[in-house]
Amino acid sequence: MKDRVNELLRNIPVAHRVVVGVAVAAFLLLGFAFLRWVTAPTYTVLYSGLDDAGVSAAIGELETLGTPYRIEAGGSRILVPRDQLYATRASLAGAGVGGESAPQGYELLDGQGLTVSDFRQRVDYQRALEGELAKTLQAMDAVKSATVRLVMPEKQLFTDNQQPTTASVLLDTARPLNAEEVETVTFLVSSSVEGLKHSDITVADVDGQVLASPGEDGLMGAASTRRQRQTRAFEESLAGDVTRLLRSTVGDAGSSVVVRAELDYDERSSERETYEPDSAVATREQTIDEEYTGTGAVPGGIVGVDGGPLAMDGGESEYRRDEATREFGVNREVVRTTSAPGDVEKLSVAIVMDDGSLTGATVPPMEEIETLVAAALGLDAERGDEVAVSMLPFPDPADAEEPLAPSLTERLPEWIALAVLFLIALGLFVMTRKRDEKADALPAAVDERLVWGQVREEQPAASLADTAVLNLGAPDTLEEASVREQLTASVTTLVEQQPEEIAVLLRSWLADRR
5 MKDRVNELLR
15 NIPVAHRVVV
25 GVAVAAFLLL
35 GFAFLRWVTA
45 PTYTVLYSGL
55 DDAGVSAAIG
65 ELETLGTPYR
75 IEAGGSRILV
85 PRDQLYATRA
95 SLAGAGVGGE
105 SAPQGYELLD
115 GQGLTVSDFR
125 QRVDYQRALE
135 GELAKTLQAM
145 DAVKSATVRL
155 VMPEKQLFTD
165 NQQPTTASVL
175 LDTARPLNAE
185 EVETVTFLVS
195 SSVEGLKHSD
205 ITVADVDGQV
215 LASPGEDGLM
225 GAASTRRQRQ
235 TRAFEESLAG
245 DVTRLLRSTV
255 GDAGSSVVVR
265 AELDYDERSS
275 ERETYEPDSA
285 VATREQTIDE
295 EYTGTGAVPG
305 GIVGVDGGPL
315 AMDGGESEYR
325 RDEATREFGV
335 NREVVRTTSA
345 PGDVEKLSVA
355 IVMDDGSLTG
365 ATVPPMEEIE
375 TLVAAALGLD
385 AERGDEVAVS
395 MLPFPDPADA
405 EEPLAPSLTE
415 RLPEWIALAV
425 LFLIALGLFV
435 MTRKRDEKAD
445 ALPAAVDERL
455 VWGQVREEQP
465 AASLADTAVL
475 NLGAPDTLEE
485 ASVREQLTAS
495 VTTLVEQQPE
505 EIAVLLRSWL
515 ADRR
């Protein structure tokens, strides 16, 4: 097998070997590059925003650990393989290198002794609470570091003299925070401190921008954003309903719908109390009847001359009192109504439809479309709802521009692969073509050599073979020599086995030459 392979390689011309070698080398090089690209680790940020001293210390520790790394952002950002991120960060943190130390929380209270003053206890507790809040905020993906400061006045005997608790938060963020994330920060802090309202919190970033300020209006931006998102979702839901309604009539590309809604987000509460006097019913009745009757009088009178009372004539006396109390119950109805925010104040619908002038589509009447849309959305004319339908020519989808072809950069890997395959196919084709040409040329060369050797029919077979061999000439290359040796042996054998047929063949060749 090895000899056969070596013989095959010797039979391939040098130029063909070069082509095949270049193709194989290019294929191996591309395969190696592709393998390196597939197996290359994905790098992620280890630390960013470090000063020169921090970067130098981190690089020294990484080289000691043997961890591969990259430096970006002008040397302030260090990247390591993603699968080694946490182990490397833990190793650097253990060595006290890179990043900032985590804020201390309740561990500050572990070292307090029995002789600690009340003031020291309050200060340590406040510092511990600030550290715990900072660690809580740093758990957010968008927050790299946080600093929390609390103002906690002493408890007063009277609540009128009690000062409110306030807080300030300074954030170093990886990206700008949206309104909802700022609201999350304020509620996290206010819910963790006793007596702290979210309206008494100030939130700012390291760039000096105030994200939330004290006061009831401090978080109005977050509430406004949330309401806008809810309004947009409501509008898109209504527009989707109308689009599905029109799709069965004008097709997918035959209409465009826009809905605008005005929603009332104010919460209202009302109470109504109604009385019905005609339906009075006695619920309680009380009657009092008093009567007194008697004769004579009580002894006594004006003191006389002798100091005794004067005699008074007796008579009859009578007393009577009647009293009646009645309570009537009246039907009384109390209705308490609370309207949830989000009531629809007004709806405006705009529809643009294909008039069919370019696409040839069948278009229903505008009045019918307006009626369908009004019924589908429940439009109320008294509320001010309106719908507008316009007919405009839509372009034919068949005439739409074809999508842009991918750029050369995007198709570069594909072109490289095709080039490698083309080189390999070209090399194999050239090798096969040359071998076929050589095989076709050898019989002609033998004929030529036999003719010019002046072979005679009367010569014996051995001398004929010798003449053919002598006139083959010196080989040009080692490959041709090997092939000619095989051909010489074949001709000799043929002459010995079929001398008559060879003689007839030689006569015909000589006749053709003449």
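Counting from 1 along the sequence shown, just add 4 to a position and that's the residue number in my numbering.
Here a beta-carbon is modelled for each residue, glycine too, at the ideal position from N, C-alpha and C.
Whose CA, out of the options, lies closest to the CA of residue i?
| i | options | result |
| --- | --- | --- |
| Asp70 | Val391, Ala91, Gly244 and Phe238 | Sequence inspection shows Gly at residue 70; the Asp mentioned does not correspond to that position. Comparing Cα positions, the closest option is Ala91. |
| Thr3 | Thr170, Gly35 and Leu427 | No answer is possible for residue 3: it lies beyond the span of the chain, which begins at 5 and ends at 518. |
| Phe332 | Ala286, Leu175 and Gln166 | Ala286 |
| Leu249 | Gly212, Leu376 and Leu96 | Leu376 |
| Glu322 | Leu174, Gly298, Met395 and Gln490 | Gly298 |
| Glu185 | Glu134, Arg340, Leu141 and Leu161 | Leu141 |
| Arg387 | Ser394, Ala216, Ala378 and Ala423 | Ala378 |
| Arg131 | Lys201, Val152 and Arg324 | Val152 |
| Ala99 | Ile75, Thr68, Ala77 and Ala392 | Thr68 |
| Phe398 | Asp245, Glu371 and Val356 | Val356 |
| Val339 | Glu289, Leu432, Met370 and Tyr279 | Tyr279 |
| Val334 | Met370, Asp282 and Asp384 | Asp282 |
What residues in its chain sit with their C-beta under 7 Å from that of residue i, if we drop five residues either side in the sequence?
| i | result |
| --- | --- |
| Asp128 | Leu112, Leu113 and Gln116 |
| Ala465 | Only weak support exists for where Ala465 lies, its pLDDT of 43 falling under 50; the value from the coordinates is given anyway. Cβ within range, chain order: Val499, Glu500 and Pro503. |
| Pro107 | Gly135, Ala138 and Lys139 |
| Ala354 | Val262 and Ala392 |
| Val49 | Arg81 and Leu83 |
Do residue j and residue i have their beta-carbon atoms positioned less than 8 Å apart in this structure?
| i | j | result |
| --- | --- | --- |
| Val254 | Asp358 | yes |
| Arg264 | Ser352 | yes |
| Glu294 | Arg336 | no |
| Pro218 | Ser203 | yes |
| Ala62 | Tyr51 | yes |
| Thr177 | Ala146 | yes |
| Lys148 | Gly109 | no |
| Leu54 | Ser95 | no |
| Thr341 | Ser394 | no |
| Ala183 | Leu427 | no |
| Tyr47 | Val101 | no |
| Leu34 | Ile420 | yes |
What residues in its chain sit with their C-beta under 8 Å from that of residue i, if we drop five residues either side in the sequence?
| i | result |
| --- | --- |
| Val214 | Thr206, Val207 and Ala208 |
| Thr247 | Ser259 and Val261 |
| Glu462 | The predicted model places Glu462 with a pLDDT of 41, which falls under 50 and marks its position as unreliable, so this point remains unresolved. |
| Arg330 | Ala286, Arg288, Glu289 and Gln290 |
| Leu383 | Leu351, Val353, Val377, Asp389, Glu390 and Val391 |
At a threshold of 7 Å, does residue i count as lining the ligand FAD (C-beta to nearest heavy atom)?
| i | result |
| --- | --- |
| Tyr129 | Although the ligand FAD was asked about, the structure shown includes no ligands whatsoever. |
Our contact map puts residue i next to residue j with C-beta atoms below 8 Å; I'd like the distance itself, whole angstroms only.
| i | j | result |
| --- | --- | --- |
| Leu381 | Leu242 | 6 Å |
| Arg272 | Ser196 | Going by Cβ atoms, the distance from Arg272 to Ser196 rounds to 33 Å, so no, they are not a contact pair. |
| Leu133 | Leu154 | 6 Å |
What's the C-alpha gap between residue i and residue j?
| i | j | result |
| --- | --- | --- |
| Val23 | Glu418 | 22 Å |
| Val495 | Gly25 | 36 Å |
| Thr366 | Ala429 | 56 Å |
| Asp270 | Pro345 | 5 Å |
| Arg251 | Arg86 | 49 Å |
| Phe191 | Arg231 | 19 Å |
| Leu422 | Ala37 | 16 Å |
| Gln458 | Glu505 | Reliability fails at Gln458, whose pLDDT of 42 lies under 50, so the model's placement of it is uncertain and the value that follows must be treated cautiously. Spanning the two alpha carbons is a distance of roughly 17 Å. |
| Gly64 | Ala150 | 28 Å |
| Asp2 | Glu187 | Summary: the structure shown does not reach residue 2, with the chain confined to residues 5 through 518, and so no result is reported for it. |
| Leu21 | Ala30 | Residue identity differs from the one stated: residue 21 is Arg in this sequence, not Leu. Rounded to the nearest angstrom, the two C-alpha atoms are 14 Å apart. |
| Asp326 | Thr291 | 8 Å |
| Pro45 | Tyr73 | 11 Å |
| Lys159 | Gln166 | 7 Å |
| Pro172 | Arg126 | Reading the sequence as shown, one finds Ser at residue 172 and not Pro. Those two C-alpha atoms are separated by around 19 Å. |
| Ala77 | Asp56 | 12 Å |
| Leu66 | Gly58 | 12 Å |
| Gly360 | Leu396 | 8 Å |
| Val189 | Thr235 | 25 Å |
| Ala237 | Lys350 | 16 Å |
| Phe162 | Pro168 | 13 Å |
| Glu239 | Gln88 | 47 Å |
| Asp164 | Val120 | 31 Å |
| Val519 | Pro157 | Nothing about residue 519 can be reported from this structure: the residues present for the chain run from 5 to 518 only. |
| Asp122 | Ile75 | 50 Å |
| Leu425 | Leu432 | 11 Å |
| Gly477 | Glu489 | Because the pLDDT at Gly477 is just 43, under 50, the model does not fix this residue reliably, and the point stays unresolved. |
| Glu40 | Arg93 | The sequence as given places Arg at residue 40; Glu does not occur at that position. Arg40 and Arg93: Cα-Cα distance of roughly 26 Å. |
If you drop the 5 nearest sequence neighbours on each side, which residues of the same chain put their C-beta closer than 6 Å to that of residue i?
| i | result |
| --- | --- |
| Glu390 | Ser352 |
| Val473 | Confidence in Val473 is poor, its pLDDT being 43 and thus under 50, which makes the residue's placement unreliable; the coordinate value appears in the next sentence. Once the five neighbours on either side are set aside, the close Cβ partners of Val473 are Thr492. |
| Tyr296 | Tyr323 |
| Val328 | The amino acid occupying residue 328 in the given sequence is Ala; Val does not appear at that position. Closer than 6 Å at Cβ, skipping near neighbours: Thr291. |
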